[in-house]
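First residue of the sequence shown: 3, per the numbering used here; consecutive thereafter.
Every residue, glycine too, gets a C-beta built ideally from N, C-alpha and C.
This structure is a prediction, so every number in the text was calculated from the model and none was measured.
To start, the structure itself, in structure tokens.
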Amino acid sequence: MSPQPQAAVGAPLSRVDGRLKVTGQAKYAADHEPSGPEGVVHAVVVDSSVARGRITGIDTGAAEAQPGVLKVLHHRNAPRLPYGPNPGSLNLPGERLRVFQDDQVRFHGQPVAVVVATTLEAAQHAASLVEIDYSVEPSTTDLSEAPATGEPVTYTRGDAETALQSAAVRLEMTYRPARNHHNAMELHATVAQWDGDRLTLWDKTQWVQSPRAEVAANFGIPAESVRVISPFVGGAFGNAARAWPHITIAALAAREVGRPVKLVLTRRQLYFGVGYRPAYEYEVRLGSDRRGRLTAMTHDLRAETSRYERFSERGVLSPGQMLYTTPNVAQTHRTVPLDVNTPTPMRGPGYSTAAFPIESAMDELAHELGIDPIELRRRNEPENDQASGRPFSTRRLRECYTVGAREFGWSRRDPRPRSTRDGDWLIGTGMATALYDTLRAPGQASVRLDADGTALIESSTSDMGPGTYTSMTQVAADALGLAVRNITFRLGDTNMPTAPLHGGSLTMASVGSTVQDGCDKLRQQAIQLAVEDEDSPLYGADADEIVVRGGRLHLKNNPARGETYRQLLARNNRTHLEADGSWTPGQSRSSMYAYGAVFAEVAVDARLGLVRVRRMLGVFDAGRIISPKLADSQAIGAMTGGIGMALLEHTVTDHRDGRIVNANLADYLVPVNADVPDLKAIYVDGRDDEADPLGVKGLGEVVLVGVAPAIANAVFHATGRRVRDLPITAEALI
Numbered sequence: 003m004s005p006q007p008q009a010a011v012g013a014p015l016s017r018v019d020g021r022l023k024v025t026g027q028a029k030y031a032a033d034h035e036p037s038g039p040e041g042v043v044h045a046v047v048v049d050s051s052v053a054r055g056r057i058t059g060i061d062t063g064a065a066e067a068q069p070g071v072l073k074v075l076h077h078r079n080a081p082r083l084p085y086g087p088n089p090g091s092l093n094l095p096g097e098r099l100r101v102f103q104d105d106q107v108r109f110h111g112q113p114v115a116v117v118v119a120t121t122l123e124a125a126q127h128a129a130s131l132v133e134i135d136y137s138v139e140p141s142t143t144d145l146s147e148a149p150a151t152g153e154p155v156t157y158t159r160g161d162a163e164t165a166l167q168s169a170a171v172r173l174e175m176t177y178r179p180a181r182n183h184h185n186a187m188e189l190h191a192t193v194a195q196w197d198g199d200r201l202t203l204w205d206k207t208q209w210v211q212s213p214r215a216e217v218a219a220n221f222g223i224p225a226e227s228v229r230v231i232s233p234f235v236g237g238a239f240g241n242a243a244r245a246w247p248h249i250t251i252a253a254l255a256a257r258e259v260g261r262p263v264k265l266v267l268t269r270r271q272l273y274f275g276v277g278y279r280p281a282y283e284y285e286v287r288l289g290s291d292r293r294g295r296l297t298a299m300t301h302d303l304r305a306e307t308s309r310y311e312r313f314s315e316r317g318v319l320s321p322g323q324m325l326y327t328t329p330n331v332a333q334t335h336r337t338v339p340l341d342v343n344t345p346t347p348m349r350g351p352g353y354s355t356a357a358f359p360i361e362s363a364m365d366e367l368a369h370e371l372g373i374d375p376i377e378l379r380r381r382n383e384p385e386n387d388q389a390s391g392r393p394f395s396t397r398r399l400r401e402c403y404t405v406g407a408r409e410f411g412w413s414r415r416d417p418r419p420r421s422t423r424d425g426d427w428l429i430g431t432g433m434a435t436a437l438y439d440t441l442r443a444p445g446q447a448s449v450r451l452d453a454d455g456t457a458l459i460e461s462s463t464s465d466m467g468p469g470t471y472t473s474m475t476q477v478a479a480d481a482l483g484l485a486v487r488n489i490t491f492r493l494g495d496t497n498m499p500t501a502p503l504h505g506g507s508l509t510m511a512s513v514g515s516t517v518q519d520g521c522d523k524l525r526q527q528a529i530q531l532a533v534e535d536e537d538s539p540l541y542g543a544d545a546d547e548i549v550v551r552g553g554r555l556h557l558k559n560n561p562a563r564g565e566t567y568r569q570l571l572a573r574n575n576r577t578h579l580e581a582d583g584s585w586t587p588g589q590s591r592s593s594m595y596a597y598g599a600v601f602a603e604v605a606v607d608a609r610l611g612l613v614r615v616r617r618m619l620g621v622f623d624a625g626r627i628i629s630p631k632l633a634d635s636q637a638i639g640a641m642t643g644g645i646g647m648a649l650l651e652h653t654v655t656d657h658r659d660g661r662i663v664n665a666n667l668a669d670y671l672v673p674v675n676a677d678v679p680d681l682k683a684i685y686v687d688g689r690d691d692e693a694d695p696l697g698v699k700g701l702g703e704v705v706l707v708g709v710a711p712a713i714a715n716a717v718f719h720a721t722g723r724r725v726r727d728l729p730i731t732a733e734a735l736i
């Protein structure tokens, strides 16, 4: 007999959609050209040039006179839209931006008009000819100079103030991570086409239900009248989860001109047309005994948000509540309304923001006490979640420290700052802890097995880069007992079964468990058909003793007795079998998180202050790893992003008018190949069966969380200078 096929889950498979992407056959939002007698037309958004004020005049004459221009829409001629309530698109407290509905300007770059023309070039040129006059009002865009408003979010445990006063060691620091923008390769784009009162949107989105619900609410039409299609997403990192105003603009323009409209934001417009990771001022005070055991910690946060909506980052307080044993904790999280557009989650949201100050503070405490940074963390390792009192479902953080220290060569480290040189370069090493909560959500999938022995699985989830197509194919292949090549997984269409948001590291647990459920049901359906079929070799067999391998059903202990799916369906005159999968997470009595330990080695030019990362290692407790190759892709990509967060990325705003000065990839620096050194990830063995049927805990977020503080701690070790602002610049080290 031929050897048994190996399991797909756990195998380092290449992406099943890889060939489509490298050959240009994968269609992203802007690649779609709807069919029609006249073809698609193009829309270009006109942005405000002031941060706050009112529009007092609009002159569109020159623009409308240009050949090919069909329409110029603005608040004076656009139809009034109902903008009904919509809690289903990640909308925030406040009032979402209502395009072309009034004369008010809330931030620099706000859409104030849109030009629709038969060619992109005509639309771009006409947009440059639109003249707009403003009555400018005083604006505030500087976090450090604006007051917080409203009730803060707070958390307390014990008596932090009293404990700080009596602590043997007290430290007080303020950290300032800068605003970051996502800067994915694919620009945000929407193609909108009306067919009567039904609308189709080809959109860049991490959640097809989001633009569907938003546009339906904005136009006052049933959600069932809107179809959203998004089979491929060229990166997003969080900023394509919410439905942004340009989507409504595209739909409005298409309805007004009666033709399909394509709207693609420019790279510059991504800096104010969609969200960003907000800037923070994060003050930490901590107290400990002389052995490094924490007795108290306070966290006072100030974060930027827009005036018209209140963005409060999820998860930013959690690490300070449960990462280390701390009997006395006090936290205050305040939002500061500014004349800016609304922030949004960015990879590792909340946790990566908090990790920089907390993990830097732990490193400062270790230096103050002369304790090894890993040992300090071990001494403060909790036995349970002190915020909730719940036990951990799994927490292999000690193992992450042990494996990481061994593989990185931590024992060779001279703990004295500025003690190691390589010519003109100062060499330093640092480490930090990472964590991210295990999110899960209900989902649905459909599964179909055709008579030719191939299977089709569909779910309206997304794939912005982690490899959803591939990982779901692997799960389905094992559950159905088919080869990967015989599985097709489709996603990204509201006509498919509903799936949750593709973000927060919840897709593998949520959609993966849903896919497995549907495939398990279909496999059992086929087994039942066989045992009840008098002509089947498996007739009368115990269904529990039948397995499927390589598309063949057979007895577990007698592989010779069996038949293929194809034979079974053909004999029963079945064109196909089908089943619906679903999964809803139950209430957990445990605290569920993914963890990691990140190690970095940097070199700092002693004269110029230039920082170069030499190598990085991340060791992660993320439960069961479905696809090692995809996991490595996630980890290396996140480390690269963390290098940007630590050393390069920050938004520069001209506070006189709210203009973002470096709204381009020439001036907003992101890591390139020369910045990416030897990067390696290790995953400790172990699954979390309490989290979900697959035993996964989520990987895509946690792999970013500890990177920036590990680099910052390594810079201190190299130079002896502590930099508490991100990014760490040469100016701060000279």
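Range covered by the alpha helix (DSSP H) that runs through I57: Unbroken run through I57 is the beta strand (DSSP E), G55 to D61; no alpha helix (DSSP H).
Unbroken beta strand (DSSP E) run spanning Q446, endpoints: G445 to D452
Per-residue burial, I736 [other beta carbons within 10 Å of its own, 16 or more giving buried]: exposed
Nearest-angstrom Cα separation, counted from T404 out to S473: 29 Å
Pair within 9 Å by beta-carbon distance, V739 and R723: Nothing can be reported for residue 739, as the shown portion of the chain is limited to 3 through 736.
Distance CB(T307)-CB(P339) smaller than 9 Å: yes
Alpha-carbon spacing of G368 relative to R420, whole angstroms: For the sequence presented, residue 368 should be read as Ala rather than Gly. Between A368 and R420, the C-alpha separation is close to 16 Å.
Buried or exposed by the 16-neighbour rule on C-beta atoms within 10 Å, applied to L641: Note that residue 641 corresponds to Met in the displayed sequence, not to Leu. It is buried - the Cβ of M641 has at least 16 other Cβ atoms within 10 Å.
M245 versus A665, K558 and L503, residue with shortest Cα-Cα distance: Looking at the sequence provided, one finds Ala at residue 245 rather than Met. Minimum Cα distance to A245 is reached at L503.
Option nearest A605 by Cα separation, candidates R349, G425 and E97: G425
beta-carbon N220 near the ligand FMN non-hydrogen atom, thresh 8 Å: Among the components modelled here there is no ligand, and therefore nothing to report on the ligand FMN.
9 Å Cβ cutoff met for P729 and G646: yes
Buried or exposed (CB count within 10 angstroms, at least 16 for buried), E739: The requested residue 739 does not occur in the structure, where the chain is confined to residues 3 to 736.
Environment of D537 [buried if 16+ CB atoms lie within 10 Å]: exposed
Integer Cβ distance of A162 from A256, believed to fall under 8 Å: Not really, about 56 Å apart at Cβ, beyond 8 Å.
Nearest neighbour of I489, chosen from T496, D495, D480 and N497 [CA to CA]: D480
Counted within 10 angstroms of its Cβ, other Cβ atoms place E283 as buried (16 or more) or exposed: buried
Contact under 9 Å by Cβ, V52 with S141: yes
Runs of beta strand (DSSP E) lying entirely within the segment 632-701, each at least 3 residues, in chain order: 680-685
Nearest-angstrom Cβ-Cβ length linking D465 and I231, presumed shorter than 8 Å: About 13 Å; that fails the 8 Å criterion.
Where the alpha helix (DSSP H) through R400 begins and ends: L399 to F410
Beta-carbon gap between E703 and G350 smaller than 9 Å: yes
Same chain only: Cβ atoms within 7 Å of L610, ignoring 5 sequence neighbours per side: A732
DSSP bridge partner residues for W427 (one or two, in chain order): D424 and D607
Residue closest to V11, alpha-carbon to alpha-carbon, out of I628, F491 and E534: I628
Alpha helix (DSSP H) runs wholly inside the segment 194-276, at least 4 long, in chain order: 211-221, 247-259 and 272-275
Reduced DSSP category for P561 - H, G, I as helix; E, B as strand; rest coil: strand
Euclidean distance between Cα positions of W412 and D546: 51 Å
In DSSP terms, what S593 is bridged to: F394
Stretch-stretch touch, CB-based, cutoff 8 Å, three pairs: the segment 13-30 with the segment 98-110: no
Among T121, R181 and P679, the one whose alpha carbon lies nearest that of L145: R181
Given V43 as reference, the closest of I548, R261 and A457 once Cα atoms are compared: R261
V118 to A125 span [Cα, whole Å]: 6 Å
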